[in-house]
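Protein chains in written order, with my numbering: chain G, 81 to 342; chain R, 166 to 239.
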């Protein structure tokens, strides 16, 4: 729904267009040919200028909406994480009391805890994503290993970080799901080297998988869902995305240069 | 920062791989850099070294390779 500046520009644009069309016959009749031509050219210039303003404001609106949507997703993830943390706290309390009564419970814990994601990263965006993805992987019988060290005040737009990590992990999960359950794994290593954000994502792949950037592998055995987005993200930040596939494993290395803080 | 009279190519041949020419008049030691901002390096001591346009693509790639060779990310 259009509102604010885009709506005003759109109305003005149509009014100027209508004026140009409506007034041209009248102008040619009542004014001299040259005068009418100049007046219509003037109206055309105004109309073109308004069209440009309309386009620019529409683009800005689309960008704002996309950013708001990304932040909304992030908010949902953080809320989900918060709820789960409260739940985990309660579960831990319950487990503690059970341990006190039954020492054999320790054995069950050893089986459960390695996959349980408890906050391991200072960066709240990365932490929320890892938490959600680790749960997804656990549900789909995928072994996961995360080694992520990112500061809370990482000088990178949250929407970019969100897009980078979710696309890397979603791509890895999709590829891992095409392997037999006992072979499924995804690992993510991410951290800063100087002012370069390096993310290395590794996962198991089926024998017939191939890296196909830009092509969705949703309905195919390929490995490339979201790769184009990832490549664009890295390039925008002056970095690059590299993928290698060998011995039933796929490894993507994404580098993004962080800008100087003002 | 060191100043030398020899030709940079001659000097580079004697230096380890971490030294790279980033400008007609500058050679930078990757090991001593703190950050890379596309058109310049920031050294660990805060000094800024320019990267010429002709070297920018090559430097970006070789510096990325250098950083990826470093030990663990965490």
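For every residue, glycine included, the Cβ atom is placed at its ideal position computed from N, Cα and C.
Could you give the first and the last residue of the continuous beta strand (DSSP E) run that contains residue 215(R)?
Unbroken beta strand (DSSP E) run through residue 215(R): 213-215.
Look at the alpha carbon of residue 322(G) and the alpha carbon of residue 280(G), and state the distance between them as a whole number of angstroms.
Distance between the alpha carbons of residue 322(G) and residue 280(G) is about 10 Å.
With 7 Å as the C-beta to C-beta threshold (strictly closer), list the residues of the stretch 191-211 of chain R near chain G in chain order.
Correct list: 198, 199, 200, 201, 202 and 203.
Beta-carbon within less than 6 Å of residue 223(G)'s beta-carbon, same chain only, minus the 5 sequence neighbours each way: which residues are those?
Taking residue 223(G) as the centre and dropping the five residues before and after it, the same chain places the C-beta of 265 closer than 6 Å to its C-beta, in chain order.
Using a C-beta cutoff of 8 Å, does residue 189(R) count as contacting chain G?
False, the Cβ-Cβ gap to chain G never drops below 8 Å.
Taking the beta carbon of residue 288(G) as the centre, do at least 16 other beta carbons fall within 10 Å, making it buried, or is it exposed?
In this structure residue 288(G) is exposed. Its beta-carbon is surrounded by fewer than 16 other beta-carbon atoms within 10 angstroms.
Looking at chain R, is there any beta carbon in it that lies within less than 8 Å of the beta carbon of residue 317(G)?
Residue 317(G) has a beta carbon lying at 8 Å or more from every beta carbon in chain R.
State the CB to CB distance for the pair residue 134(G) and residue 165(G), rounded to an integer number of angstroms; the pair is presumed to be in contact (CB under 8 Å).
At roughly 46 Å, the Cβ-Cβ gap does not stay under 8 Å, so residue 134(G) and residue 165(G) are not in contact.
How is the alpha helix (DSSP H) around residue 183(R) delimited, first residue to last?
No alpha helix (DSSP H) contains residue 183(R), which DSSP labels as neither H nor E.
What does DSSP give as the partner residue(s) for residue 330(G) in the beta ladder?
Partner(s): 283(G) and 325(G).
Leaving aside the five residues before and after residue 86(G) along the sequence, list all residues of the same chain whose C-beta is less than 7 Å from its C-beta, in chain order.
Excluding its 5 nearest sequence neighbours in each direction, residue 86(G) has C-beta neighbours in its own chain below 7 Å: 134, 137, 138 and 141, listed in chain order.
Taking CB distances under 8 Å as the criterion, tell me whether residue 330(G) reaches chain R.
Cβ-Cβ to chain R under 8 Å: no for residue 330(G).
For residue 231(R), which residues from the same chain have a beta carbon less than 8 Å from its beta carbon, with the 5 sequence-adjacent residues on both sides left out?
Within the same chain, residue 231(R) has close Cβ partners 183 and 195.
Measuring straight from C-alpha to C-alpha, what distance separates residue 211(R) and residue 275(G)?
Approximately 14 Å, taken between the alpha carbons.
Tell me which residue opens and which closes the beta strand (DSSP E) that residue 204(R) is part of.
Premise fails: residue 204(R) is in no beta strand (DSSP E) and is neither H nor E.
Can you look up residue 238(G) in the DSSP assignment and give me helix, strand or coil?
Collapsing the DSSP output to three states places residue 238(G) in a helix.
Under the three-state DSSP convention, the category residue 216(G) falls into:
DSSP places residue 216(G) in helix when its eight states are reduced to three.
Taking the CB atoms as reference points, tell me whether residue 159(G) and residue 206(G) lie closer together than 8 Å.
It is not a contact, given that the beta carbons lie outside the stated cut-off.
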